[in-house]
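Some notes on the structure that comes next.
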Amino acid sequence: MANKSQIDELKAILLERKETILNNVRNSRDSIDQLKDQDLNDDLDYADFVSDSFKEGMIANHQLDELNQIEEALKKINDSTYGICDMCGVNIPIGRLKAKPFAKFCTECRTVFEQEQQKRAAY
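Mapped onto full-length UniProt numbering, the consecutive letters of the sequence shown carry residue numbers 1 to 123.
Here it is in structure tokens:
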């Protein structure tokens, strides 16, 4: 299990990443707003606009999902449940938490979770 100083270090990383994502999302929204203000002269301009807006939206959605995971990890730190696998209840190794500070599963359970996700996507 991670000790207090390791958890504090991971919390700082989570908070820094949270701020970065919030800035990125704001910038994405600004970019989308700027795209909306452009003059669209023809179908090609419109296609570029739609493509760029879609990419910006996808990036923002992905980052909002990561932001939710970070918020959940910070809540777990406050609740003293951080670093415990949501699936099996064992301590998530510190190496995994350093690689992905908002990890919800140990490596073994993550593999099971991903396999289940793939099965669901296949149907």
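Quick reminder that beta carbons are idealized off the backbone N, C-alpha and C, glycines included. Source: prediction; values computed, not measured.
Taking a contact as a CB-CB distance under 8 Å, the pair R96 and C106 counts as one, their CB atoms being some 7 Å apart. The distance from the Cβ of R17 to that of I92 is about 17 Å, inconsistent with a contact at the 8 Å cut-off. With respect to the C-alpha of L64, the residue from G89, T20, I77, M87 having the closest C-alpha is T20. S28 is the residue among E66, L74, N78, S28 whose C-alpha sits nearest the C-alpha of F54. The beta-carbon separation of L74 and L22, rounded to 13 Å, does not stay under the 8 Å limit for a contact.
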